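**Student:** Here's a structure for you.
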Amino acid sequence: MSNPHIEIAGRKIGLDFPPLVIAEIGINHEGSLQVAKQMVDAAYRAGAEVVKHQTHIVDDEMSGAAKKVTPGNAEVSIYEIMKRCALDEDDETALKDYVESKGMIFISTPFSRAAAERLERMNVAGYKIGSGECNNYPLLEHIARFAKPVILSTGMNTIESVSKAVAIFEKYDVDVALMHTTNLYPT
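This note's numbering numbers the first residue of the sequence shown as 21 and each following residue consecutively.
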């Protein structure tokens, strides 16, 4: 085997290995640990190996101005929506433990340094960076310092911005896998 690969929690990922099925649960649980566990159960039954969550610490990632921004398809502010959908640290840790009790791998996308710090306290095996954070170089640098493998989405980014992101991970000798992704959910 001569093709490059990365490894997350003992699972090798690359051209010479079976495709990795990642179940994206994001924040679709609407802040309910019970619903999140039901989603994990469904992912397990479907054969997913990894459950991917989103870690939001709303007060750290949004300014107070977000309390006045109401999306066109909502009746409350984006701040209120995200606050409702985010799991607190205890619930997110319980979710990670539940995922791992099923023999699956838990990864998450941190949307702030505080979220990355939380995930590091939880001892996640790796990180998933969304396209929207691909050029958030201070956040990437912060995550790279943890020296854990990263899956980096690149949708809507230029070759230059992706190259700069990759250079950050290379600087810290962090394994990184690039994903070409769309910017719409679900994909």
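Backbone N, C-alpha and C define an ideal beta-carbon position, used for all residues, glycine too. Since the model is a prediction, treat every value here as computed from it, not as a measurement.
Among all the DSSP beta bridges, which residues are the ones paired with serine 173?
**Tutor:** Position 153 of the sequence shown holds residue 173. Looking at the DSSP assignment, serine 173 forms a beta bridge with Met199.
**Student:** By the three-class DSSP mapping on this structure, what secondary structure does glutamate 153 have?
**Tutor:** Residue 153 sits at position 133 when you count from the first residue of the sequence shown. Three-state DSSP puts glutamate 153 in a helix.
**Student:** Since leucine 172 contacts leucine 139 with CB under 8 angstroms, what's their CB separation in whole angstroms?
**Tutor:** Along the sequence shown, read from residue 1 onward, the residue named residue 172 stands at position 152. Along the sequence shown, read from residue 1 onward, the residue named residue 139 stands at position 119. Contact between leucine 172 and leucine 139 fails: their C-beta atoms lie close to 15 angstroms from each other, not under 8 angstroms.
**Student:** For arginine 31, name the three-state secondary structure that DSSP assigns.
**Tutor:** By 1-based counting over the sequence shown, the position of residue 31 is 11. Correct three-state label for arginine 31: strand.
**Student:** Which runs of the beta strand (DSSP E) spanning at least 3 residues fall entirely within the region 32-77, listed in chain order?
**Tutor:** 42-46, 70-75
**Student:** Which first and last residues belong to the alpha helix (DSSP H) in which phenylalanine 189 is found?
**Tutor:** Start at 1 with the first residue of the sequence shown, and residue 189 comes out as number 169. Note, phenylalanine 189: alpha helix (DSSP H), 179-191.
**Student:** Could you tell me the distance, in whole angstroms, from the CA atom of histidine 76 to the CA atom of asparagine 156?
**Tutor:** For the purposes of this step, residue 76 is taken as residue 56 along the sequence shown, with counting starting at 1. For the purposes of this step, residue 156 is taken as residue 136 along the sequence shown, with counting starting at 1. Rounded to the nearest angstrom, the two C-alpha atoms are 15 angstroms apart.
**Student:** On the DSSP letters alone, give me the boundaries of the alpha helix (DSSP H) that serine 121 sits inside.
**Tutor:** If you number the sequence shown from 1, residue 121 lands on position 101. Per DSSP, serine 121 belongs to the alpha helix (DSSP H) from 109-121.
**Student:** Could you check the C-alpha separation between serine 52 and serine 121 for me, to the nearest Å?
**Tutor:** Working through the sequence shown from its first residue, we reach residue 52 at position 32. Working through the sequence shown from its first residue, we reach residue 121 at position 101. Straight-line Cα distance between these residues: approximately 19 angstroms.
**Student:** Do we get a CB-CB distance below 7 angstroms when we pair alanine 68 with the residues of chain C?
**Tutor:** The question asks about chain C, but that chain is absent: this structure has only one protein chain.
**Student:** Beta-carbon within less than 6 angstroms of isoleucine 47's beta-carbon, same chain only, minus the 5 sequence neighbours each way: which residues are those?
**Tutor:** In the sequence shown, the residue the question calls residue 47 occupies position 27. Gln74, Cys105, listed in sequence order.
**Student:** Are at least three pairs of beta-carbons, each pair with one atom in the region 83-92 and one in the region 60-70, less than 8 angstroms apart?
**Tutor:** no
**Student:** Using the C-alpha atoms, what's the distance from aspartate 195 back to proline 38?
**Tutor:** Translated into positions along the sequence shown, residue 38 becomes position 18. Translated into positions along the sequence shown, residue 195 becomes position 175. So the two alpha carbons sit approximately 18 angstroms from each other.
**Student:** At which residues does the beta strand (DSSP E) containing threonine 129 begin and terminate?
**Tutor:** Along the sequence shown, one-based indexing puts residue 129 at 109. Segment 125-130, the beta strand (DSSP E) holding threonine 129.
**Student:** My output table needs one value for valine 168: the three-state DSSP class, helix, strand or coil.
**Tutor:** By 1-based counting over the sequence shown, the position of residue 168 is 148. First, the amino acid is wrong: residue 168 is lysine here, not valine. Coil.
**Student:** What are the residues that DSSP puts in a beta bridge with tyrosine 147?
**Tutor:** Stepping through the sequence shown from its first residue, residue 147 is reached at position 127. In the DSSP output, where bridge partners are listed per residue, tyrosine 147 has Ser128, Val170.
**Student:** Apply the 10 Å Cβ neighbour rule to lysine 191 and answer buried if 16 or more other Cβ atoms are within range, or exposed otherwise.
**Tutor:** On the sequence shown, position 171 is the one that residue 191 refers to. Lysine 191 should be labelled exposed.
**Student:** Nearest-angstrom Cα distance between lysine 88 and arginine 31?
**Tutor:** Position 68 of the sequence shown, counted from the first residue, corresponds to residue 88. Position 11 of the sequence shown, counted from the first residue, corresponds to residue 31. Those two C-alpha atoms are separated by around 43 angstroms.
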